[in-house]
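Okay, so here's the structure we're looking at.
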């Protein structure tokens, strides 16, 4: 089967649309989680740690230079570990949310199998006590 025919089959089955919807929703979810971390979670943690703004936490590796007599300014070289901490918290929240979602989907996928077993063994579906 040629690549073009495989792509047509893939697109017709709806997998491409499902994938596109997932990517769009995932992007929007990522923005929500980033806002949750940056605007809701990290500020109180910063206050508890003595008014620290995690966005500003950095180690200066090389100092910058001001613009002098027609020479352009040189920005400092920074190791922005505060932004890294925020991004790590962001990732952990997304990872936990995806884990919970996958667990729920897997549980829902098993429901028809469980129902079929109940019907198959008893001949009728009875309420489980």
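Numbering (the numbering used here), first residue to last: 326 to 454. All residues carry an ideal CB built from backbone N, CA and C; glycine is no exception.
* Give the C-beta separation of residue 382 and residue 407 to the nearest angstrom, bearing in mind that I take them to be a contact with Cβ-Cβ under 8 Å. => As a working mapping, residue 382 is identified with position 57 in the chain shown. As a working mapping, residue 407 is identified with position 82 in the chain shown. The Cβ separation is near 3 Å, so the contact holds.
*asked:* Three Cβ pairs or more, each shorter than 8 Å: is that satisfied between the segment 396-411 and the segment 365-379?
replied: yes
- Three-state secondary structure assigned by DSSP to residue 377: For the purposes of this step, residue 377 is identified with residue 52 of the chain shown, where counting begins at 1. Residue state, collapsed to three classes: coil.
Residues bridged to residue 390 [DSSP beta-bridge criterion]: On the chain shown, position 65 is the one that residue 390 refers to. BP columns for residue 390 point to 399.
Notebook entry, point to check: Roughly how many angstroms separate the alpha carbons of residue 361 and residue 390, rounded to a whole number?
Noted result: Locating residue 361 in the chain shown gives position 36, where the first residue counts as 1. Locating residue 390 in the chain shown gives position 65, where the first residue counts as 1. Going from the Cα of residue 361 to the Cα of residue 390 covers about 36 Å.
Requested in this report: Please name the residue, chosen from 347, 335 and 354, that lies closest to residue 419 on a Cα-to-Cα basis.
Outcome: Taking the chain shown and counting its residues from 1, the one referred to as residue 419 is at position 94. Answer by Cα proximity: 354.
Could you give the residue range of the alpha helix (DSSP H) that holds residue 328? The residue you call residue 328 lines up with position 3 of the chain shown. Where residue 328 is concerned, the enclosing alpha helix (DSSP H) stretches over 328-337.
**Asked** How big is the Cα-Cα spacing for residue 386 and residue 426?
**Response** Here residue 386 refers to the residue found at position 61 of the chain shown. Here residue 426 refers to the residue found at position 101 of the chain shown. Whole-angstrom Cα-Cα distance: 42 Å.
Practice task
Starting from the Cα of residue 366, find the closest Cα among 343, 397, 411 and 434 and give me that residue.
Solution key: Here residue 366 refers to the residue found at position 41 when the chain shown is read from its first residue. Comparing Cα-Cα distances from residue 366 to each of 343, 397, 411 and 434, the minimum goes to 411.
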